[in-house]
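Written below as structure tokens is the structure these notes are about.
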Amino acid sequence: MEPHCLRLVIFVLAIVSVRLLQNPVVASTEECDFPAIFNFGDSNSDTGGLSAAFGQAGPPHGESYFHAPAGRYCDGRLVVDFIAESLGLPYLNAYLDAVGSKFTHGANFATAERIFQELLPKPEYFSRALYTFDIGQNDLTAGYFLNMSTDEVRAYVPDVLAQFKDIIKYIYGQGGRSFWIHNTGPVGCLPYVLDRLKITAAQVDKAGCAAPFNEVAQYFNRRLKEAVVQLRKDLPLAAITYVDVYSAKYSLISRANKHGFKESLRACCGHGGKYNYNMHVGCGGKIKVHGKEVLVGKACEDPSAWINWDGVHYTQAANKWVFDQIVGGSFSDPPIPLKLACHRH
């Protein structure tokens, strides 16, 4: 099986094929001056790729911040948006959404199927840019939804990570030096996984999550960290930060009330069932009643009190909480803040 999201990432990397300036990194406490962000990942960090390809994610997506759909499968901002904000950069445009978009401060390749090479940043920005990666969730769940066992999904993790290492090496070969890499979150805590995949009562952990799927996610993360360690040896000029997003997200879900949230496992925006998730009628979904369309995939009254937005993705409030935990470096290896991520340690 060729994992979907990394296959797409490999394809879009063609745009970084210009020769970039070499910019050695050294240990320092001076804040980095990132002129651009290039993000690669799945729909957790997609700022419009899927919407550009298949039509806008309709209301109520975007309602909490943009007050209208903004290409994100969320009520507002994503973690990558908060990363851009903290670095003083504008929100990223999805590369598929090329018409009317500017990419002078970076681009988002999450979920992109094809690219349009125009309005690119200055060539020297590529070498000084921050390259962010948020991968794993789609790679793992795609296998489960093809009726693969946890052992079968675990077996193809090395292939996924081999592709990932090739991508990092390619960017490095073109001059990229600063990499901020998120591991995958606790997929066994997502409503769409809990609703669609069978588990026994004995497989449910104290937080209400599906332990077998989280165990595979943790296996993925261990292997990802090993890959990062090897990449540091292979790429001596690279500053590669591994960010343990899994631990931050699991802490949030397992201690939701402590962190100011009231709902941890149910979707804010959805329809029916134990987890307010229905694969046939999603967030913003409508059904026909007596020949008329009726909106049933409604958002909850207060998304800021919910962790999950639509069964798959997190709410803006949860994304902000996760960002606040990871930005300072306490979940990172090496333990450096985002603003120092251009320096080797």
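Residue numbers (mature numbering (1 follows the signal peptide of the UniProt record, and there is no 0)): -27 to -1, 1 to 318. C-beta atoms are modelled at their ideal positions from N, C-alpha and C, and glycine is treated no differently.
Cα-Cα separation between residue i and residue j, rounded to whole angstroms
i: residue 63; j: residue 312; result: 16 Å
i: residue 140; j: residue 298; result: 27 Å
i: residue 200; j: residue 134; result: 7 Å
i: residue 36; j: residue 275; result: 11 Å
i: residue 196; j: residue 306; result: 14 Å
i: residue 128; j: residue 15; result: 21 Å
i: residue 39; j: residue 33; result: 10 Å
i: residue 266; j: residue 31; result: 15 Å
i: residue 174; j: residue 164; result: 16 Å
i: residue 205; j: residue 289; result: 33 Å
i: residue 202; j: residue 138; result: 11 Å
i: residue 264; j: residue 123; result: 43 Å
i: residue 247; j: residue 102; result: 43 Å
i: residue 252; j: residue 317; result: 44 Å
i: residue 261; j: residue 167; result: 27 Å
i: residue 51; j: residue 302; result: 19 Å
i: residue 187; j: residue 132; result: 19 Å
i: residue -12; j: residue 283; result: Unreliable positioning characterises residue -12 in this predicted model, as indicated by a pLDDT of 40, which lies under 50. The coordinate reading is nonetheless provided below. Each residue's Cα considered, the two are about 33 Å apart.
i: residue 315; j: residue 12; result: 15 Å
i: residue 116; j: residue 170; result: 11 Å
i: residue 270; j: residue 42; result: 15 Å
i: residue 185; j: residue 221; result: 19 Å
i: residue 5; j: residue 245; result: 47 Å
i: residue 126; j: residue 136; result: 16 Å
i: residue 176; j: residue 231; result: 24 Å
i: residue 229; j: residue 268; result: 29 Å
i: residue 121; j: residue 2; result: 46 Å
i: residue 233; j: residue 162; result: 18 Å
DSSP state of residue i mapped onto helix, strand, coil
i: residue 61; result: coil
i: residue 126; result: helix
i: residue 199; result: helix
i: residue 216; result: strand
i: residue 4; result: coil
i: residue 175; result: helix
i: residue 11; result: strand
i: residue 234; result: coil
i: residue 31; result: coil
i: residue 170; result: coil
i: residue 292; result: helix
i: residue 114; result: helix
i: residue 163; result: coil
i: residue 145; result: helix
i: residue 226; result: helix
i: residue 274; result: coil
i: residue 184; result: helix
i: residue 266; result: strand
i: residue 104; result: strand
i: residue 207; result: helix
i: residue 140; result: helix
i: residue 240; result: strand
i: residue 287; result: strand
i: residue 156; result: coil
i: residue 54; result: helix
i: residue 306; result: strand
Cβ pair residue i, residue j closer than 8 Å
i: residue 46; j: residue 286; result: yes
i: residue 113; j: residue 160; result: yes
i: residue 181; j: residue 110; result: no
i: residue 295; j: residue 310; result: no
i: residue 130; j: residue 192; result: yes
i: residue 272; j: residue 48; result: yes
i: residue 292; j: residue 106; result: no
i: residue 304; j: residue 217; result: yes
Cβ-Cβ separation, residue j to residue i (assumed contact under 8 Å), whole Å
i: residue 219; j: residue 194; result: 6 Å
i: residue 57; j: residue 10; result: 6 Å
i: residue 65; j: residue 7; result: About 12 Å; that fails the 8 Å criterion.
i: residue 183; j: residue 172; result: 5 Å
i: residue 227; j: residue 280; result: About 11 Å; that fails the 8 Å criterion.
i: residue 44; j: residue 99; result: No, residue 44 and residue 99 are not in contact; Cβ-Cβ is about 24 Å, not under 8 Å.
i: residue 208; j: residue 143; result: Actually they are not in contact, since the Cβ atoms of residue 208 and residue 143 sit about 11 Å apart, beyond 8 Å.
Check: residue i C-beta below 7 Å from any heavy atom of the ligand FAD
i: residue 160; result: As presented, the structure is devoid of all ligands, the ligand FAD included, so that no description of it is given.
Residue i at chain B interface by Cβ criterion, 8 Å
i: residue 167; result: Note that chain B does not occur in the displayed structure, where there is just one protein chain.
(request) Assess, as a yes-or-no matter, whether the stretch 204 to 218 is touched by the stretch 151 to 171 under the definition of 3 or more beta carbon pairs within less than 8 Å. (result) yes
Within 8 Å, do at least three Cβ pairs link the stretch 230 to 243 to the stretch 254 to 268? yes
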